[in-house]
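If you're matching positions, the sequence shown starts at 1 in the UniProt record's numbering and goes up one per residue.
Note that CB positions come from ideal geometry on N, CA and C, so glycine has one too.
Since this is a predicted model, take the numbers as computed values, not measurements.
Step one of this worksheet: look at the structure below.
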Amino acid sequence: MEVEHYSKGVLLEPFVHQVGGHSCVLRFNDKTICKPLIQREHQFYETLPAEMHKFTPQYEGVVSVSFEEDEDGNLCLIAYPLNGDHDNLESIDNSDCEPKNKLLRWSNKKTVLLENEKLTKEWVRQHRKEEKMKSHKLEEEFELLKKSEVLYYSVEKKGNVSSQFKHHNPWSMKCHQQQLQQMKENAKHRNQYKFILLENLTSRYEVPCVLDLKMGTRQHGDDASEEKKANQIRKCQQSTSAVIGVRVCGMQVYQPGSGHLMFMNKYHGRKLSVQGFKEALYQFFHNGKYLRRELFELVIKKLTELKSVLEKQESYRFYSSSLLIIYDGKELQDVVDSDPEDIEGLSEESSDESARAYAYKPTISSVDVRMIDFAHTTCRKWDV
């Protein structure tokens, strides 16, 4: 059945692969995420030079998001097309929206579930009961998050590893909870917010390993208050930002060798020394068995291309932007089955599984390198 995008809203869920930042990133569908619209960032995407498109998430428009509370007090965020602009949702493949039985239609009196989804009240009650049980578990994880800046979880390797991220990534849930709380507090005065729709960069990976690097020796924007400016300067001075112009803002890695999911948050990233930063990079590219050396050349190639593109831009300043590096953490069967002749000629120290990985020839799509977060970006041509 073809979906009429403009006649209903979409229930937004936490984006389970968010590893850094303080703004809440939400899942619109499998291929699209959304985040609160900030004028400078929106203007950046609207005026983005063509040569930079391949190094940023694809911009897919703007939606209106409302904070809604049902009769049982459950809170949710619902995305609707902007008034008079239905093209925003019509241009997006809504068939990927999950779960489909949670799509909502807007009514003048209240939000009602679509009749053709055949949901019973009993099912809804059971679902809410399960959600409440999960919320208690999340509260425990939030408490753990406050105490632990690096977390390890054992996962069932025989199951769907990707689906287990939603139960373990505490940072995405923390941001989602904060967004709900903020909108709840403002509900009396405002209940419509603009969010931008962006490409989900992790959608083509089975088990996304994500590294968020905060770039630059300066993080505050030109419009920052004196208090904000001082706070950002302090963070830079106390981290690797001041020394090497980059710090870890967040990381998630799946290590099939040990069966662990590892999460590192921005608070730990700020504490790292230069040596600690190097060790974090090593950990990001290590799968629990060997170092994924075969990815290095692709990452360096894309970074070199990005550097060349940025050097040609005039008057852009990317304060507090991040560099996102993503690769697939799934088991590489092609490495295990690689031809022994492909390994010949490598040094003796490389004649292990790491060498087999190095001999493996990954495609250019095996790694993604993108710039994200442009809330403090400036350009001479803008009237902001």
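So, using beta-carbon positions, are residue i and residue j closer together than 8 Å?
i, j, result
"residue 295", "residue 316", "no"
"residue 198", "residue 35", "yes"
"residue 77", "residue 69", "no"
"residue 387", "residue 236", "Outside the displayed range of the chain (1 to 384) lies residue 387, so it cannot be described from this structure."
"residue 214", "residue 320", "yes"
"residue 288", "residue 268", "no"
"residue 272", "residue 240", "yes"
"residue 394", "residue 79", "Outside the displayed span of the chain (1 to 384) sits residue 394, for which this structure offers no information."
"residue 252", "residue 17", "yes"
"residue 40", "residue 286", "no"
"residue 58", "residue 382", "no"
"residue 221", "residue 378", "yes"
"residue 325", "residue 309", "no"
"residue 67", "residue 191", "yes"
Using CA coordinates, which residue listed in the options is at the minimum distance from residue i?
i, options, result
"residue 278", "256, 248, 252", "248"
"residue 25", "260, 285, 195, 234", "195"
"residue 266", "57, 322, 288", "322"
"residue 254", "151, 50, 15", "151"
"residue 65", "10, 17, 206", "10"
"residue 217", "286, 13, 232", "232"
"residue 209", "43, 290, 262", "262"
"residue 305", "30, 55, 180", "55"
"residue 175", "369, 374, 276, 21", "21"
"residue 82", "57, 154, 37", "37"
"residue 169", "181, 182, 155", "155"
"residue 19", "222, 183, 43, 212", "212"
"residue 297", "48, 313, 368", "368"
"residue 280", "30, 264, 329", "264"
"residue 312", "47, 51, 29", "51"
"residue 330", "207, 181, 73", "207"
"residue 181", "372, 284, 73", "73"
"residue 292", "186, 228, 183, 256", "256"
Would you list the one or two residues that DSSP bridges to residue i?
i, result
"residue 79", "10, 65"
"residue 199", "32"
"residue 72", "Answer by DSSP bridge pairing: none, since residue 72 is not bridged."
Using the Cβ count rule (16 or more neighbours within 10 Å means buried), how would you classify residue i?
i, result
"residue 244", "exposed"
"residue 33", "buried"
"residue 238", "exposed"
"residue 29", "buried"
Just to confirm my understanding: we take residue i, look at its own chain, exclude 5 residues before and 5 after, and list those with CB closer than 6 Å. What are they?
i, result
"residue 13", "27"
"residue 108", "Confidence in residue 108 is poor, its pLDDT being 30 and thus under 50, which makes the residue's placement unreliable; the coordinate value appears in the next sentence. Excluding residues within five positions, none has a Cβ falling inside 6 Å."
Give every residue of the same chain whose Cβ lies closer than 7 Å to the Cβ of residue i, excluding the five residues on either side of it in the sequence, and list them in chain order.
i, result
"residue 178", "24"
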